[in-house]
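What follows is one structure encoded as structure tokens, with my remarks underneath.
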Amino acid sequence: MFKRILYDYRIIKPLSSDSSNKGLHSNQRKGLSRWKVGNFLATRLRLPSVLIVIFSIAFSGFVLVFLISTYSGIKINSSKYFKLGFGTEPDYYEQNSKFPSLSSLTLIDRNGDCKKTMLYEFSNSYGLFSELLIYARFAAFGRSLGYTILIDDSHWIHGKLSDYFEIKYPDCSLNLNSSTIEREWFCDAAIKDINHVKIGRNCVWKLDSKIISVLEPDLLKLQAVWNFLNKRDDLTLLPVGQNLNFRLRSVFDSQASELLRIWKPNSQIKSLVLELENNLEASNVLNKLGSRGSKKRQKTVGLHFRLGDKVEEICENAFKNFVETPPAFGNPTRYIKMVLELAKDHHWFKSEQNSFFSKKSEIPINLVTISDDTDRALNLLTEYKKSFIKRPMINIIGLTKYRNSSTDHLPENGHNQTDFNLKPLSEKIKYNRELLSEVEYLVKKTDGIVCSMASNVCNALMLLSGSNKLIYDEKYKIKPLVRSVDHRWFPTSYPLYTEYNKNLKPAELFELGLKFSEDHRNHVDL
Numbered sequence: 001m002f003k004r005i006l007y008d009y010r011i012i013k014p015l016s017s018d019s020s021n022k023g024l025h026s027n028q029r030k031g032l033s034r035w036k037v038g039n040f041l042a043t044r045l046r047l048p049s050v051l052i053v054i055f056s057i058a059f060s061g062f063v064l065v066f067l068i069s070t071y072s073g074i075k076i077n078s079s080k081y082f083k084l085g086f087g088t089e090p091d092y093y094e095q096n097s098k099f100p101s102l103s104s105l106t107l108i109d110r111n112g113d114c115k116k117t118m119l120y121e122f123s124n125s126y127g128l129f130s131e132l133l134i135y136a137r138f139a140a141f142g143r144s145l146g147y148t149i150l151i152d153d154s155h156w157i158h159g160k161l162s163d164y165f166e167i168k169y170p171d172c173s174l175n176l177n178s179s180t181i182e183r184e185w186f187c188d189a190a191i192k193d194i195n196h197v198k199i200g201r202n203c204v205w206k207l208d209s210k211i212i213s214v215l216e217p218d219l220l221k222l223q224a225v226w227n228f229l230n231k232r233d234d235l236t237l238l239p240v241g242q243n244l245n246f247r248l249r250s251v252f253d254s255q256a257s258e259l260l261r262i263w264k265p266n267s268q269i270k271s272l273v274l275e276l277e278n279n280l281e282a283s284n285v286l287n288k289l290g291s292r293g294s295k296k297r298q299k300t301v302g303l304h305f306r307l308g309d310k311v312e313e314i315c316e317n318a319f320k321n322f323v324e325t326p327p328a329f330g331n332p333t334r335y336i337k338m339v340l341e342l343a344k345d346h347h348w349f350k351s352e353q354n355s356f357f358s359k360k361s362e363i364p365i366n367l368v369t370i371s372d373d374t375d376r377a378l379n380l381l382t383e384y385k386k387s388f389i390k391r392p393m394i395n396i397i398g399l400t401k402y403r404n405s406s407t408d409h410l411p412e413n414g415h416n417q418t419d420f421n422l423k424p425l426s427e428k429i430k431y432n433r434e435l436l437s438e439v440e441y442l443v444k445k446t447d448g449i450v451c452s453m454a455s456n457v458c459n460a461l462m463l464l465s466g467s468n469k470l471i472y473d474e475k476y477k478i479k480p481l482v483r484s485v486d487h488r489w490f491p492t493s494y495p496l497y498t499e500y501n502k503n504l505k506p507a508e509l510f511e512l513g514l515k516f517s518e519d520h521r522n523h524v525d526l
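Note that my numbering has the sequence shown beginning at 1, numbered continuously upward.
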């Protein structure tokens, strides 16, 4: 049975040869104090010398064993290290060989020298975008440590990466087709110079803890502050600029870079995107709002509206232990309001008397919607639009309806991952290709995007769009074009970082809010 040990984050420095205890770690000073007590007992109480010798030998042996077991293989210098000793379930190791299958091994970095490699193993029961995002997170982390990133998709429930993307193949001196490369699980290994490691979804919580430990403590509390302030009735939307905190931009960019390394749509995906473009053009649906707004003046906003099993999770209170503000799945109000805020911030509506919808509103918006349950999504959005907007300046379009192929293979009541996993591989690949083509269309063909960051698809839309579209531009006063209706982006799974804030009291949260508001880039709305 593996013991569960918390990570230890500290600076390790060589011990000074100076006889004084100045500058030593507190534990080392305590050790010196214990030695002084022992010497006092020996000299003042006149213990038999034989007992003193036996005690000294035993204690020296204990210290020697401790030092060997603790620092064996660890490079000691003045750098920061993370000593990992996380446990895991023994069954996982009993069911998985030390030698992973390399039948579908793919090298993502052609320029890598392969002296140090990290093999990511795609798992077998999770969503397509969930897996891609976890890969991007770990690949960014591994590359920062000097690893060349490899991928094993030989047992992936969604097929092969090459079913969707144009993948580069190995090109380095290491014999990557050999199954004799022994790899340690990176998340369970102690810190030492390991050249070849493997990593997978079983490492999520362990590596997320490691990522969080290097972030500024205030960043862990920023979401809790916003959630606390957002409980007021007049704050229902994520404030502009809150999608991505400026201090997380470099982390965001590194994960986006890793996702873009594999996000090279193959010919099948490209043809599906072209099919959507041609059918939308032929139907003239993008010009439906009339001649008053010419084609060039119209704006297109992409919207991802997640339904299916995610809505069921909210109903079952699956999020209540992690977030104070629940995701917006299935709630058209937040989406339409955010679209209007986006249009207002970029002056897409021309109006008089500070009204959104006056007689001189000239720029219509095509709201191109993708969803796992298109009919239900369109009904919800359309009904809310009718009750909220007098002038029909928003044209809601269901992108899935502009395909040549039948949609019989699509789930009737939205996506359910458990049911999806039971489908034939060919059907899963077809569904995934269509979803990927719709995401590609939103990224490349729209002027802005609105979605729920609690969704993995939305998270991917953010990464693929780039940080320039998520962060408020101070120099040119340009507000974000890609926006979340609920949660902001964070480099780990959101349940992990929010549980750090459970014990914060309202007074503490408000005080933190005042502190954050001192820097206008935080955009904390008090």
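Idealized CB from N, CA, C, for every residue including glycine. Quantities reported herein were computed from a predicted structural model and do not represent experimental measurements.
The beta carbon of L132 sits closer than 7 Å to those of L259 and A460, all from its chain and outside the five residues before and after it, given in chain order. With contacts defined by Cβ atoms closer than 8 Å, R183 and I134 do not form a contacting pair.
Fully enclosed beta strand (DSSP E) runs of no fewer than 3 residues occupy 365 to 371 and 394 to 398 of the segment 361 to 400, in order along the chain. Here the C-alpha atom of Y384 lies approximately 43 Å from the C-alpha atom of F141. The C-beta separation of I397 from L422 comes to about 32 Å, leaving the pair out of contact by the 8 Å criterion. Per the coordinates, the alpha-carbon of S517 lies some 14 Å from the alpha-carbon of E508. Nearest to D152 by C-alpha distance, out of S250, P506, H415 and N124, is N124. Our two residues, K515 and D188, have alpha carbons roughly 38 Å apart in a direct line. With distances taken between CA atoms, L381 lies nearest to H304 out of K264, S213, H304 and V273. Between N456 and Y126, the alpha-carbon positions lie close to 11 Å from each other. Taking each of G466, K505 and P506 in turn and checking the Cα distance to N243, the smallest one comes out for G466.
For Y120, the beta-bridge partners assigned by DSSP are I151 and I199.
For F165, same chain residues with a beta-carbon under 7 Å away, outside a window of 5 residues either side, are I262, W263, K264, P265 and N266 in chain order. With a cutoff of 8 Å on beta-carbon distance, N413 and D375 are scored as not near each other.
Cβ neighbours of L280 within its own chain (closer than 7 Å, five residues either side excluded): L286 and Y402.
Straight-line spacing of the CA atoms in N245 and W489 works out to 8 Å.
Closest option to V251, judged by alpha-carbon separation, among K160, I211 and E275: I211.
The straight-line gap separating the alpha-carbon atoms of E275 and E434 is approximately 11 Å.
Here T418 carries a helix assignment [DSSP, helix/strand/coil].
Taking the C-beta atoms as reference points, T300 is found no nearer than 8 Å to D208. The C-alpha of N416 is placed about 38 Å away from the C-alpha of D473.
Here K206 carries a helix assignment [DSSP, helix/strand/coil]. Under DSSP, the beta-bridge partners assigned to W185 are K198. When DSSP states are grouped into helix, strand and coil, L272 belongs to the helix group. Using a Cβ distance threshold of 8 Å, I194 and G302 do not count as a contacting pair. Beta-bridge partners of P265 (DSSP): F165. Separation of the CB atoms of M118 and V214 is rounded to 18 Å, and the pair is thereby denied contact status at 8 Å. Residue pairing from DSSP places H304 in a beta bridge opposite I370. I181 and K115 have their C-alpha atoms spaced approximately 12 Å apart. Note on geometry: alpha-carbon atoms of L504 and K221 lie some 9 Å from one another. In this structure, I269 sits near L436, with a CB-CB distance shorter than 8 Å.
When secondary structure is reduced to three states using DSSP, G448 falls in the strand class. When only Cα atoms are considered, C203 and S257 end up about 21 Å apart.
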